[in-house]
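Everything below concerns the one structure shown next.
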Amino acid sequence: MTIFTNRIGRRVMRAMLATSVTVAASTSFAATSNTSMLPRYDGMWSVSIVTEKGSCDRGYRYPIRISNGVLVNAGDLAFTITGKVTPNGAITVTVAHGSSSANGIGRLAGNIGEGSWSGGECSGTWTAERRGA
2 MTIFTNRIGR
12 RVMRAMLATS
22 VTVAASTSFA
32 ATSNTSMLPR
42 YDGMWSVSIV
52 TEKGSCDRGY
62 RYPIRISNGV
72 LVNAGDLAFT
82 ITGKVTPNGA
92 ITVTVAHGSS
102 SANGIGRLAG
112 NIGEGSWSGG
122 ECSGTWTAER
132 RGA
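Residue numbers (the working numbering): 2 to 134.
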């Protein structure tokens, strides 16, 4: 009985080891695949915002940093920016200052981008260009 149990125990251990190796290999592959799928838009960007409708200031320019596809404020002005860039360049963003905020959508391609925004009574367009890493 112990020989039979030991053989089954060894088979179970081999199966568990094989499964562990397979899972580890899959996890490693998935990590490599996910890394290669990260957006290619990381770096410093200069974003120009133009008001086309409403009584907001005519234009703004903001420095934005994109890191792993996530947008953050890269300047000294006190505003909050949240947003993401997908691997194909589609972008969604919210810019807020005090009780005011605006939402934008658009697309980045290579070192440039463009889109539209709206917030409160105002709306307009934006353009962006990459300034460095």
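In this text, a Cβ means the ideal position worked out from N, Cα and C, and glycines have one as well.
Residues near residue i in its chain [Cβ-Cβ closer than 6 angstroms; skip 5 each side]
i	result
K54	S124
T81	A97
Start and end residues, beta strand (DSSP E) containing residue i
i	result
R59	That residue, R59, is in no beta strand (DSSP E); it is neither H nor E in DSSP.
E115	113-120
R132	123-133
Closest residue to residue i among the options (Cα-Cα distance)
i	options	result
S1	K85, N112, A110, G120	With the chain covering 2 to 134 only, the question about residue 1 has no answer from this structure.
Y61	N112, I67, V71, S49	S49
E122	Y42, S47, C57, W46	C57
Contacting residues, own chain, Cβ-Cβ under 8 angstroms from residue i (five flanking each side not counted)
i	result
S117	G105, I106, G107, S124, G125, T126, W127
V24	Residue placement at V24 is flagged as unreliable, the pLDDT there being 36, under the threshold of 50; a coordinate-derived value is accordingly withheld.
Supposed contact pair residue j and residue i - C-beta distance, whole angstroms, cut 8 angstroms
i	j	result
V94	L109	Wrong, their Cβ atoms sit about 11 angstroms apart, outside the cutoff.
Own chain, CB closer than 7 angstroms to residue i, minus 5 neighbours either side, in chain order
i	result
G84	L72, I92, T93, V94, T95
G133	G44, M45
In DSSP terms, what residue i is bridged to
i	result
Y63	V48
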